[in-house]
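What follows is a single structure, written as structure tokens, with notes after it.
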Amino acid sequence: NSYYNDYNHEIWAMKVSDNVEEEEDEPSVFYMAEHHAREPISLEVNMYVLNHIISNYGSDPTITDEVNNKQIWFMPLVNPNGHKIVTDEVDLWWRKNIRDNNENGSINFGGGDGVDPNRNYAWNWGGEGSSGNTNSETYRGPSAFSEPEIQAMRDMLGSHHFVTGITYHSYSELVLFPFGYANNIQAPDHDALEDLANEMAFTIPGQSGGYYDPMPSYELYPASGTTDDYAYGEHGVFSFTIELGTEFIPPASQIEGICENNLEAALILLTRVNKKALTGHITDAESGDPVVAEIYIDGIDNTGEFRKPYKSDLLFGRYYRLLQIGSYDVTFSALDYETQTINNVSISQLQQTVLNVELEPILMVPVTGQVTDGYTGVPLAQAHLTLSSDPDNLVYSDNSGYFSFPAVYEGTYIVHAEAENYST
Numbered sequence: 001n002s003y004y005n006d007y008n009h010e011i012w013a014m015k016v017s018d019n020v021e022e023e024e025d026e027p028s029v030f031y032m033a034e035h036h037a038r039e040p041i042s043l044e045v046n047m048y049v050l051n052h053i054i055s056n057y058g059s060d061p062t063i064t065d066e067v068n069n070k071q072i073w074f075m076p077l078v079n080p081n082g083h084k085i086v087t088d089e090v091d092l093w094w095r096k097n098i099r100d101n102n103e104n105g106s107i108n109f110g111g112g113d114g115v116d117p118n119r120n121y122a123w124n125w126g127g128e129g130s131s132g133n134t135n136s137e138t139y140r141g142p143s144a145f146s147e148p149e150i151q152a153m154r155d156m157l158g159s160h161h162f163v164t165g166i167t168y169h170s171y172s173e174l175v176l177f178p179f180g181y182a183n184n185i186q187a188p189d190h191d192a193l194e195d196l197a198n199e200m201a202f203t204i205p206g207q208s209g210g211y212y213d214p215m216p217s218y219e220l221y222p223a224s225g226t227t228d229d230y231a232y233g234e235h236g237v238f239s240f241t242i243e244l245g246t247e248f249i250p251p252a253s254q255i256e257g258i259c260e261n262n263l264e265a266a267l268i269l270l271t272r273v274n275k276k277a278l279t280g281h282i283t284d285a286e287s288g289d290p291v292v293a294e295i296y297i298d299g300i301d302n303t304g305e306f307r308k309p310y311k312s313d314l315l316f317g318r319y320y321r322l323l324q325i326g327s328y329d330v331t332f333s334a335l336d337y338e339t340q341t342i343n344n345v346s347i348s349q350l351q352q353t354v355l356n357v358e359l360e361p362i363l364m365v366p367v368t369g370q371v372t373d374g375y376t377g378v379p380l381a382q383a384h385l386t387l388s389s390d391p392d393n394l395v396y397s398d399n400s401g402y403f404s405f406p407a408v409y410e411g412t413y414i415v416h417a418e419a420e421n422y423s424t
């Protein structure tokens, strides 16, 4: 449709690093903005942070070090089609994207078209704070990830090893952290999330004095299918929403000040993984190859609402955990490997704790034998055999009564044998 072609815009992601063509063994950080069309101040702040980093690379030692040792991603305009509606002043208060819900080939500005991009993520999609009514400003879409904008963000979040991130919105002068999909819920990493939210918030001056307020997202209002809940719940990213300013579209006279006021918080987020963090590589003790393993911390991962386990990445076996100062018992586990627990791992205020782990492969051996008649010793063909650990792995004895489980982990098992006209 020619009308919709006017609103067919690309979504850009910009990477800042010393080797932008390579996926390096470095933590990734994201800055995301303008899920909602009527919040263009979020785009301005995002671009301000980007410009500050690239302008000071090579002259500011801290910025230079961060760029050289991280992969920093900027997605400044998640909803470009909605943005055009607002900036063209077709509808200044348009919030959603431009999904043609009634399929009439035109955009209905009364509210019947569009999906709220920040209700379209998969984590608890369809829950509180979202609507199934297409006329609602919080219409969540027909299914999770139904919208191309959010498919792009999903693919981005799943393609890099993100550790922290900010998604900018307006308004309310808040720093929000997961979870937010229901009232009175708490993330397993609540204390570390809250600590970082506090640190960022208390550097952002408000328009009328004071500072931004930090809080769990649900304290503003419950909302499901959001960026932060998905990034944290699915990938373990410490993802924050910063609600900028005191109105959706601040006057031009306030834009520079809001941008400047939010810079320090953005840099605090960028450097968070440098301290109070556990990191290292998990490798195969024999081959040295990277291992995708789960990193479980007692006292954290067995608390709060469900999120997916933290795991090392496929490319490098690298893992990151952002923690509070203290000592922790950490368990590393992976399929086909011996589980390893390291007690009293110390986390300090000013630096990372590096803990590389070599996991021992669990050896696999064949299990063979023969099934015979208990009285006559005659071999029994077509007997059914299973191991106690894997009842679905069924083998049969051959005409000579012999059977084989070709690959079994070392250990002690019970073998169950069944044959027609014989007791088990």
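Here full-length UniProt numbering is used: position 400 in the sequence shown is 400, and no number is missing along the way. Where a beta carbon is used, it is the ideal one built from N, C-alpha and C, also for glycine.
Since residue i and residue j should fall inside the 8 Å C-beta cutoff, what is the C-beta to C-beta distance between them, to a whole number of angstroms?
i: A201; j: D213; result: 6 Å
i: A265; j: T203; result: 5 Å
i: V371; j: S397; result: 5 Å
i: I295; j: V330; result: 7 Å
i: L315; j: T164; result: That pair is no contact at about 19 Å.
i: R95; j: D116; result: 7 Å
i: P361; j: Y328; result: Not a contact, Cβ separation roughly 26 Å.
i: L387; j: V365; result: Contact doesn't hold; Cβ gap of about 12 Å is too wide.
i: W73; j: A122; result: Their Cβ separation, rounded to whole angstroms, is 20 Å, which puts W73 and A122 out of contact at 8 Å.
i: I258; j: I41; result: 6 Å
i: N68; j: D100; result: The pair is not a contact, with the Cβ atoms about 45 Å apart (cut-off 8 Å).
i: V291; j: G326; result: Their Cβ separation, rounded to whole angstroms, is 26 Å, which puts V291 and G326 out of contact at 8 Å.
i: G112; j: N102; result: 6 Å
Let's test the definition: count the other Cβ atoms within 10 Å of the Cβ of residue i and tell me whether it reaches 16, buried, or not, exposed.
i: P61; result: exposed
i: G411; result: exposed
i: F306; result: exposed
i: P80; result: buried
i: V29; result: buried
i: V45; result: buried
i: S423; result: exposed
i: Y375; result: exposed
i: K70; result: buried
i: S143; result: exposed
i: I242; result: buried
i: E39; result: buried
i: Q335; result: The sequence given here places Leu at residue 335; Gln does not occur at that position. Classification for L335: exposed.
i: T87; result: exposed
i: V20; result: exposed
i: V237; result: buried
i: N261; result: buried
i: V175; result: buried
i: G401; result: buried
i: Y221; result: exposed
i: N421; result: exposed
i: A252; result: exposed
i: P216; result: buried
i: E418; result: exposed
i: H9; result: exposed
i: E149; result: buried
i: N124; result: buried
i: P188; result: buried
i: V90; result: exposed
i: P27; result: buried
Need the endpoints of the beta strand (DSSP E) that residue i sits in, please.
i: N344; result: Q340 to I347
i: Y31; result: S28 to A33
i: D392; result: D390 to Y396
i: P406; result: Y402 to Y409
i: V16; result: M14 to V16
i: S423; result: Where S423 is concerned, there is no enclosing beta strand (DSSP E), given that its DSSP letter is neither H nor E.
i: V415; result: V415 to E418
i: T241; result: F238 to L244
i: T134; result: From DSSP, T134 is part of no beta strand (DSSP E); its letter is neither H nor E.
i: L385; result: H384 to L387
Could you give the residue range of the alpha helix (DSSP H) that holds residue i?
i: Y230; result: T227 to H235
i: I63; result: P61 to N69
i: A265; result: A252 to T271
i: S55; result: P40 to N56
Entirely enclosed beta strand (DSSP E) segments - the stretch 141–213, minimum 3 residues: If only complete runs of 3 or more residues are kept, the stretch 141–213 shows the beta strand (DSSP E) at 162–170 and 174–177, in order along the chain.
Cβ pair count under 8 Å reaching 3, the stretch 276–291 against the stretch 350–357: Because the criterion of three Cβ pairs below 8 Å is met, the stretch 276–291 and the stretch 350–357 touch.
Three CB pairs or more closer than 8 Å across the stretch 62–78 and the stretch 17–34: Yes: at least three Cβ pairs fall under 8 Å.
Check whether the stretch 287–307 touches the stretch 377–387, taking contact to mean three or more Cβ pairs, one atom from each stretch, closer than 8 Å. Output reads no: the stretch 377–387 does not touch the stretch 287–307.
Minimum length 4: unbroken alpha helix (DSSP H) runs contained in the stretch 77–124: Note on the stretch 77–124: whole alpha helix (DSSP H) runs with a minimum of 4 residues are 80–87, in chain order.
So, does the stretch 216–235 touch the stretch 153–163, judging by three or more C-beta pairs under 8 Å? The stretch 216–235 is in contact with the stretch 153–163.
I'd like the ranges of any alpha helix (DSSP H) spanning at least 4 consecutive residues and lying wholly in the stretch 285–363. The stretch 285–363 contains no whole alpha helix (DSSP H) run of 4 or more residues.
Hey, is the stretch 243–261 in contact with the stretch 316–333, meaning 3+ C-beta pairs nearer than 8 Å? Touching, no.
Three or more C-beta pairs closer than 8 Å, one from the stretch 127–142 and one from the stretch 179–190: is that the case here? Yes, the stretch 127–142 is in contact with the stretch 179–190.
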